Amino acid sequence: MSGTSAALTPPAGAVAPVRHPDAPAPGELLGAHYEQCFGCGEAQPHGLRLQARAGEGISLTAEFTVQPAHQGAPGLAHGGVLATALDETLGSLNWLLRTVAVTGRLETDYVLPVPVGTVLHLEAEVTAVAGRKIYSRATGRIGGPDGPVAVRAQALFIEVKTEHFIDHGRPQEIRAAMSDPDPSRRERAFEVNP
Ligand SMILES: CCCCCCCCCC(=O)SCCNC(=O)CCNC(=O)[C@H](O)C(C)(C)COP(=O)(O)OP(=O)(O)OC[C@H]1O[C@@H](n2cnc3c(N)ncnc32)[C@H](O)[C@@H]1OP(=O)(O)O
Numbered sequence: 059m060s061g062t063s064a065a066l067t068p069p070a071g072a073v074a075p076v077r078h079p080d081a082p083a084p085g086e087l088l089g090a091h092y093e094q095c096f097g098c099g100e101a102q103p104h105g106l107r108l109q110a111r112a113g114e115g116i117s118l119t120a121e122f123t124v125q126p127a128h129q130g131a132p133g134l135a136h137g138g139v140l141a142t143a144l145d146e147t148l149g150s151l152n153w154l155l156r157t158v159a160v161t162g163r164l165e166t167d168y169v170l171p172v173p174v175g176t177v178l179h180l181e182a183e184v185t186a187v188a189g190r191k192i193y194s195r196a197t198g199r200i201g202g203p204d205g206p207v208a209v210r211a212q213a214l215f216i217e218v219k220t221e222h223f224i225d226h227g228r229p230q231e232i233r234a235a236m237s238d239p240d241p242s243r244r245e246r247a248f249e250v251n252p
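Each residue of the sequence shown is one higher than the one before, counting from 59 in the numbering used here.
As structure tokens, then:
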């Protein structure tokens, strides 16, 4: 049983997403967009360290290994952590569009329990774009990339300007990210269009 709210159904005028010409090639690892990101950053000791790889079109695959720090019930992944894995995977799709966007709505179906130590194999795609609204969906499988679906999600991301982060983020982290000497890391931290 699963349901989708009306807000996640693309409107009549929605169009197919267009891959940016500079999007990473299919098979290429995207890498962390920000080292402090709880979803993908290497500097977060209890983070998910999710690794995403570009697919064909506006799709990608990702993997995340459930660690003891990610438990809810004994030996099982916390549902919020699994939602984070889906959110991070879906958010990474925007890098293929080179659109700066944030999650507006995320609906998650939990189908199977996910034990600690499990590799969650995620795949995600953008299904439609309508103005600033980006519609996407993802699944997470266990036991291998073709294993049973354990979680799935549909999402609506909303395009924002870079000022969204500068206006709302805590100044000390904004300053640190903006003063990173590596221009590609500065760009990815805010997902700025090149
Ligand atoms: C490689 C890259 C990797 C990146 C990975 C990152 C993964 C993680 C991603 C995240 O978790 S982002 C953090 C979580 N999200 C947020 O913090 C967003 C907080 N919310 C906001 O800042 C604002 O509500 C938002 C920018 C989403 C929208 O505010 P706006 O004032 O810009 O938009 P507006 O209210 O005018 O709505 C624009 C359209 O979106 C629709 N909309 C906005 N929020 C919605 C919502 N929550 N549900 C459904 N529809 C929504 C709204 O109805 C409207 O539709 P129409 O154009 O048809 O009228």
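The C-beta atom is built at its ideal place from N, Cα and C for all residues, glycine as well.
All of these numbers come straight from a predicted model, not from anything done at the bench.
query	result
C-alpha distance - P203 paired with Y193, whole-angstrom precision	23 Å
Ranges of the alpha helix (DSSP H) found wholly within the segment 191 to 237, counting only runs of at least 4	221 to 226 and 229 to 236
Within 7 Å, strictly: CB atoms of R190 and E165	no
Beta-carbon contacts of I116 that lie in its chain and below 7 Å, excluding the five residues immediately before and after	P75, R77, L151, L154, L155, E183 and V184
Close Cβ partners of D145 (< 6 Å) along its chain, the five nearest in sequence each way excluded	T161 and L164
Nearest-angstrom Cβ-Cβ length linking T147 and L170, presumed shorter than 8 Å	Not a contact, Cβ separation roughly 17 Å.
Residues near Q129 by beta carbon distance below 8 Å, same chain, minus five either side	A135, H136 and V174
Cβ shell of D238 (< 8 Å), same chain only, five flanking positions each side left out	R244 and A247
Nearest residue (CA-CA) to A234, options Y92, A81, P84 and G85	Y92
Reference D80, options A112, P68, G138 and V73, closest by Cα	A112
Residues near A83 in its chain [Cβ-Cβ closer than 8 Å; skip 5 each side]	A112
Per-residue burial, V209 [other beta carbons within 10 Å of its own, 16 or more giving buried]	buried
Nearest-angstrom Cβ-Cβ length linking T157 and V124, presumed shorter than 8 Å	Their Cβ separation, rounded to whole angstroms, is 30 Å, which puts T157 and V124 out of contact at 8 Å.
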